[in-house]
Amino acid sequence: MLGLFKKKKKELLVKLDMSRLPVHIGIIMDGNGRWAKKRGLPRSAGHRMGARVLEQITRDAGNLGIRYLTVYAFSTENWSRPANEVEELMKLLGEYLDDYKRLVGDEDIRIKIIGSPDGLSDDILRKIKVVEDATKNNSAITLNIALNYGGRDEIVHSVKKIAKDVKQGRISPEDIDEAILSSNMYTNYMPDPDFIIRPSGEKRLSNFLLWQSAYSEFWFSDINWPDFTRDDLIRAIVDYQNRSRRFGGV
Ligand code: FPP
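Take 83 as the starting number for the sequence shown in the numbering used here and just add one per residue.
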């Protein structure tokens, strides 16, 4: 029985074409609340389990050779959740940042936070700086945590920066093109996501990487994020590799 199980795992890996891996994967870590409810636990328990799964999936993705992983941890809209849930999520994020050594360990993981600093506590902002500085020379995989992030908010932020450049005479309006917009996004140090994964049965983007996902491939599944495993990641990537990406061409 065990032999058969192992064989199945191997078969899954064999299906993966290591020469055509997505460079950048985005994940909307959805379904934490439902995972907890099913078990009669508070929603915060789902978020905690989700954070543990994120640690494992980051290592798995790094070991597979994925260069960038961007995860949606807290959106600009999540402030409208009940105050105690927001508080729990911020507490968890703070602990996660404090505990970054447990995630990174000896592995070559760089951690970056993308999103607006507005509304985040000084304590969280300080922790972000510590983690980003401490991991800045790591390069195998970059884990981008989207925190207080909204795709529309990011586009507005980018346009405001460009408007300032125009006002101060650094560029003229005619110079504005897609590359300039991209270079003013929070994600300006990485390629656009090739592949976006959303577990939990929902099939929408929810304001995640709006500008960057113009030609991303999507993968949806009914699994709740706290149940997501390395095998699910591999299955998703195999599915991605069976698609034909045309970027608007033929
Ligand atoms: C969506 O599930 C998930 C979130 C709003 C938070 C995601 C956060 C984590 C996975 C943990 C924290 C992350 C880090 C980096 C420490 P939901 O709550 O909307 O679930 P539901 O749709 O089942 O209610």
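Ideal placement from N, C-alpha and C gives every residue a C-beta, glycine not left out.
Source: prediction; values computed, not measured.
- Message: Please state the DSSP three-state secondary structure of I139.
- Response: Start at 1 with the first residue of the sequence shown, and residue 139 comes out as number 57. Of the three classes helix, strand and coil, the one that applies to I139 here is helix, per DSSP.
- Message: Using the Cβ count rule (16 or more neighbours within 10 Å means buried), how would you classify K209?
- Response: On the sequence shown, position 127 is the one that residue 209 refers to. Buried, since its Cβ has 16 or more Cβ neighbours within 10 Å.
- Message: Using the Cβ count rule (16 or more neighbours within 10 Å means buried), how would you classify A245?
- Response: Position 163 of the sequence shown, counted from the first residue, corresponds to residue 245. Exposed.
- Query: When you compare only the Cα positions, how much space is there between W301 and I278?
  - Reply: Taking the first residue of the sequence shown as position 1, residue 301 is located at position 219. Taking the first residue of the sequence shown as position 1, residue 278 is located at position 196. Using only the alpha carbons, I get a separation of about 6 Å.
- Message: Helix, strand or coil, according to DSSP, for A51 in the structure here?
- Response: Residue 51 lies beyond the range of the chain shown here (83 to 332); nothing can be said about it.
- Item | According to DSSP, residues forming a beta bridge with H106 | Taking the sequence shown and counting its residues from 1, the one referred to as residue 106 is at position 24. H106 is bridged to Y150.
- Item | Own chain, CB closer than 7 Å to R234, minus 5 neighbours either side, in chain order | Your numbering for residue 234 matches position 152 in the sequence shown. Once the five neighbours on either side are set aside, the close Cβ partners of R234 are N289, L292.
- Coarse secondary structure for D313, derived from DSSP in three states: Here residue 313 corresponds to residue number 231 of the sequence shown, with the count starting at 1. Residue state, collapsed to three classes: helix.
- Tell me where the beta strand (DSSP E) around W117 begins and ends. Counted from its first residue, the sequence shown places residue 117 at position 35. No beta strand (DSSP E) contains W117, which is instead part of the alpha helix (DSSP H) from 114–120.
- How long is the line joining the alpha carbons of E170 and R125, rounded to whole angstroms? For this step, residue 170 is matched to residue 88 along the sequence shown. For this step, residue 125 is matched to residue 43 along the sequence shown. Cα to Cα, E170 sits roughly 9 Å from R125.
- Which of helix, strand or coil does DSSP assign to D229? Along the sequence shown, one-based indexing puts residue 229 at 147. The sequence shown places Leu at residue 229, not Asp. Residue state, collapsed to three classes: strand.
- Query: Do you know offhand how far I107's Cα is from L151's?
  - Reply: What you label residue 107 is simply residue 25 of the sequence shown in a count that begins at 1. What you label residue 151 is simply residue 69 of the sequence shown in a count that begins at 1. Their backbone Cα atoms lie some 5 Å apart in a straight line.
- Message: Please identify the residue among D99, R280, K173, V241 whose C-alpha is closest to the C-alpha of D314.
- Response: Sequence index remark: in the sequence shown, residue 314 carries index 232 (1-based). It is R280.
- Task: Tell me where the beta strand (DSSP E) around R280 begins and ends.
- Result: Working through the sequence shown from its first residue, we reach residue 280 at position 198. That run of the beta strand (DSSP E) goes 277–280.
- Kindly indicate which residue of T217, S303, R184 has the alpha-carbon position closest to the one of I191. For the purposes of this step, residue 191 is taken as the residue at position 109 of the sequence shown. Comparing Cα-Cα distances from I191 to each of T217, S303, R184, the minimum goes to T217.
- Message: Within 8 Å of any Cβ in chain B, is that where the Cβ of E169 sits?
- Response: Looking for chain B here will not work: only one protein chain is present.
- Message: According to DSSP, is D321 part of a helix, a strand, or is it coil?
- Response: In the sequence shown, counting from the first residue as 1, residue 321 sits at position 239. Here D321 sits in helix by DSSP.
- Confirm, please, whether the CB-CB distance from I227 to I148 is below 8 Å. Walking along the sequence shown from the start, residue 148 turns up at place 66. Walking along the sequence shown from the start, residue 227 turns up at place 145. Against a cut-off of 8 Å, the Cβ pair of I227 and I148 comes out as no contact.
- Task: Verify the contact flag: W307, CB atom, against every heavy atom of the ligand FPP, threshold strictly below 7 Å.
- Result: Sequence index remark: in the sequence shown, residue 307 carries index 225 (1-based). Within the cutoff, so yes.
- D309 vs W117 beta-carbon contact at 8 Å: Along the sequence shown, one-based indexing puts residue 309 at 227. Along the sequence shown, one-based indexing puts residue 117 at 35. Yes, these two residues count as a Cβ contact at 8 Å.
- Query: Got a sec: does the ligand FPP put a non-hydrogen atom nearer than 7 Å to the Cβ of S282?
  - Reply: Here residue 282 refers to the residue found at position 200 of the sequence shown. Yes; taking the cut-off as 7 Å, the Cβ of S282 has a heavy atom of the ligand FPP nearer than that.
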